[in-house]
Structure formats: structure tokens, C-alpha cells
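See structure below.
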Amino acid sequence: MTREAGSETAAARLSPIATGVRGLCPRCGQGHIFQGFLKVRDHCEVCGLDYGFADPADGPAVFVQLFACIPGVVFIVMLEILARPPLWVHVAVGIPILILTTVLPLRPIKGWLIAAQYVNNAQEAGTAQLWNQLHDKAD
Ligand SMILES: [Zn+2]
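This is how it looks when you write it as C-alpha cells:
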């Protein structure tokens, strides 16, 4: 199903956080971005938006490292410094913390970056002409 051209402007106002974090299509807010955990679909199953533009590259990993992984590692190091627990405590606490702070945030952050890429019509700097050629647009 394809939306009419006139609905594009109103739908583009959907917040990338409201749609992307939940893995929903940035144009219609109903379809899904992901097929599986992190694999991006070819297109939205509701409005037909082609996800060919979606290229967050290593953006999700950078955000996970900055805002989740580093605090998790700091917590583990502080646990060792302040409590000096036995090794099994590090295994029982540290591994779940690293999994929770690295794997779980990847999907919402990747969805947010893809939705923000769509809403802001973002592309790599200096590639506008190539982008237009690839998507059959006049300059
Ligand atoms: Zn859609």
C-alpha cells in the first residue's frame, strides 16, 4: 500500500525518537524498520517506504560506547576498587551488565538514527550528486 504524495509532508513531522526508538517506520509510524533484531527491511510493509537510504554505519555502536558501555565498565572497575569482590561476583555481575549496556540499546539507537536520517534527509557530506543519481532525482 502506498500513501498519496500529499501525506508525505505531514508524515515527515513524526518524531524520529517516537518512531525510530520503537523500530517503527519514520514516514507512516505503523510499519517496521527491522526484520529480526538489527537487520533493516527492504521497505516498509505499510507505506512502502524504501529503506535504501538507511545507512547509520557505526553510529549506533558509537552511541552505545559513549552512553552505555563506558558507564558499565566504570561500574565494574569501581566495584573492584571499592569492594574487591571474588572473581565469581565479577562474572555474575559484570557479564550481565556488559550485555545489558551493549546489546539492548543497539536496536533503539539504530532505529532512532535511521528515522532521524529520513526526517532530516541526511546524507554523507559531498555526496549529494551521487545520492541524486542513485535515487533518480534531478539536481
Ligand atoms: Zn511506513
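The sequence shown runs 193 to 331 under our numbering.
Don't be surprised by glycine CBs; every beta carbon is placed ideally from N, CA and C.
Rounded separation between Pro278 and Arg214 - CA only: Distance between the alpha carbons of Pro278 and Arg214: 39 Å.
Neighbour-count burial assignment, Val335, 16 or more Cβ in a 10 Å radius: Lying outside 193 to 331, the shown extent of the chain, residue 335 is not represented and no answer is given.
Distance cut-off 6 Å: Gly223 Cβ against heavy atoms of ligand 1: Remark: the C-beta of Gly223 is in contact range of ligand 1, defined as less than 6 Å to any heavy atom.
Anticipated Cβ contact below 8 Å, Pro263 with Leu305, distance rounded: Contact between Pro263 and Leu305 does not hold, since their C-beta atoms are separated by about 20 Å, which reaches or exceeds 8 Å.
Contact with chain D by Ala307, beta-carbon distance below 7 Å: Protein chain content of the structure displayed is limited to a single chain, and chain D is not contained in it.
Burial state of Phe255, where buried means 16 or more other Cβ atoms lie within 10 Å: Around the C-beta of Phe255, 16 or more other C-beta atoms lie within 10 Å, and the residue is accordingly described as buried.
Identity of the residue in Phe259, Val281 and Gln309 nearest Thr211 by Cα: Checked all of Phe259, Val281 and Gln309; the closest Cα to Thr211 is Gln309.
Any non-hydrogen atom of ligand 1 closer than 6 Å to Arg233 Cβ: No, the beta carbon of Arg233 sits no closer than 6 Å to any heavy atom of ligand 1.
Counted within 10 angstroms of its Cβ, other Cβ atoms place Thr194 as buried (16 or more) or exposed: Low confidence applies here, because Thr194 scores a pLDDT of 41, under 50, leaving its location unreliable and the question unanswered by this model.
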